[in-house]
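If you read the sequence shown in this note's numbering, its first letter stands for residue 13, the second for the next number, and so on.
Take a look at the structure below.
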Amino acid sequence: MFTGIVEEVGEIVDVRHDADVVVLTVRGPRVSSDAAHGDSIAVNGCCLTVVDDEAADDRFRLELVPETLKRTSLGAAAAGSKVNLERALPAGGRLGGHIVQGHVDGVATLLGRTPGERSDEVRFSLPPELSRYVVEKGSICVDGVSLTVAATDGDTFTVALIPTTLADTTLGIRAAGDTVNIEVDVVAKYVERLTVAYRHDAGEEAGNQ
């Protein structure tokens with residue numbers, strides 16, 4: 013589990029194709045300082061597994077399978093790309109953002125940004141199948157960054173980025189047309205799943221009146 017509080021901006025230094033798997037080498041001094049084989053690290057919000065016997069030279073390797081390549085923006089990863097990095101939350105750690113699984117729900121496109129004196133408002137597209145989980149003042153994870161939804165109109169949503177987010181994550185350099193990974197609030201998905209039978213029964217009962 014993650015919190016959506018980015019620890020550092022890393023860099024993809026190598027991309028290698030091995031049959032249907034893409035092997036990424038990522039430089040990230042902070043997150044690789046104690047990374048070991050089998051550890052989980054969120055890369056742009058996608059939970060991936062370290063495959064090095066031990067991280068060395070401030071970098072670590074990850075493997076992307078077809079499912080990851082299909083469902084996230086990491087399929088377009090290239091050497092030199094900047095990525096948000098976060099290690100898994102340790103037991104007893106602070107949940108500074110919100111509950112983030114690192115299971116990307118979809119890919120959105122940055123539509124535009126309105127710069128302020130020190131902050132920005134940024135608007136993204138919202139995949140239709142995810143719109144019901146996104147509410148004003150709710151939580152959303154964008155490229156691994158825990159954010160609060162400032163506004164939504166069904167097919168887009170807007171977030172307000174504070175100076176720290178602009179400086180310490182890749183969202184400060186993203187431009188219109190860039191794609192980002194989106195993870196909606198997992199609590200909303202479970203509530204929907206748990207109440208679907210009640211909503212169905214209520215609909216039938218209303219129809220019989």
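Think of the CB as a built atom: it goes at the ideal place given N, C-alpha and C, for glycine as much as any other residue.
Under the three-state reduction of DSSP, which class applies to residue i: helix, strand or coil?
| i | result |
| --- | --- |
| Val63 | coil |
| Gly118 | strand |
| Arg181 | One point to set straight first is that residue 181 is Thr, not Arg, in the sequence displayed. Three-state DSSP puts Thr181 in coil, outside helix and strand. |
| Leu142 | helix |
| Val18 | coil |
| Pro102 | coil |
| Asn220 | Residue placement at Asn220 is flagged as unreliable, the pLDDT there being 49, under the threshold of 50; the coordinate-derived value follows with that caveat. Asn220: coil per DSSP, three-state reduction. |
| Glu129 | coil |
| Lys149 | coil |
| Ser52 | strand |
| Leu97 | strand |
| Leu123 | strand |
Opposite residue i in the DSSP bridges: which residues?
| i | result |
| --- | --- |
| Arg205 | Paired residues: none, contrary to the question. |
| His29 | Val34 |
| Thr170 | Arg135, Ala163 |
| Ile194 | Gly118, Val154 |
| Arg73 | Thr37 |
| Val112 | Phe14 |
| Glu23 | Arg39, Lys94 |
Does the distance from the CB of residue i to the CB of residue j come in under 8 Å?
| i | j | result |
| --- | --- | --- |
| Gly150 | Asp197 | yes |
| Ile111 | Met13 | yes |
| Thr164 | Val119 | no |
| Leu36 | Ala89 | yes |
| Leu86 | Cys59 | no |
| Asn96 | Val134 | no |
| Glu20 | Arg42 | yes |
| Ile24 | Gly92 | yes |
| Val192 | Val154 | yes |
| Phe72 | Val27 | no |
| Pro78 | Asp30 | no |
Buried or exposed for residue i, going by 16 or more other Cβ atoms inside 10 Å?
| i | result |
| --- | --- |
| Val199 | exposed |
| Val55 | buried |
| Gly22 | buried |
| Leu206 | exposed |
| Val34 | buried |
| Ala188 | exposed |
| Thr227 | The displayed coordinates of the chain run from 13 to 221. Any statement about residue 227 would go beyond what the structure contains. |
| Gly16 | buried |
| Val18 | buried |
| Ser44 | buried |
| Val62 | buried |
| Arg125 | buried |
| Gly114 | buried |
| Ala218 | Because the pLDDT of Ala218 is 49, which lies under 50, any placement of that residue in the model is unreliable, and the number read from its coordinates should be weighed accordingly. With fewer than 16 other Cβ atoms within 10 Å, it is exposed. |
| Tyr145 | buried |
Throw me the rounded Cβ distance for the residue i and residue j pair, which I believe falls under 8 Å.
| i | j | result |
| --- | --- | --- |
| Thr160 | Leu123 | The Cβ separation is near 18 Å, so there is no contact. |
| Leu178 | Asp117 | About 24 Å separates the two Cβ atoms, so there is no contact after all. |
| Ser143 | Gly166 | 5 Å |
| Ile53 | Arg99 | 6 Å |
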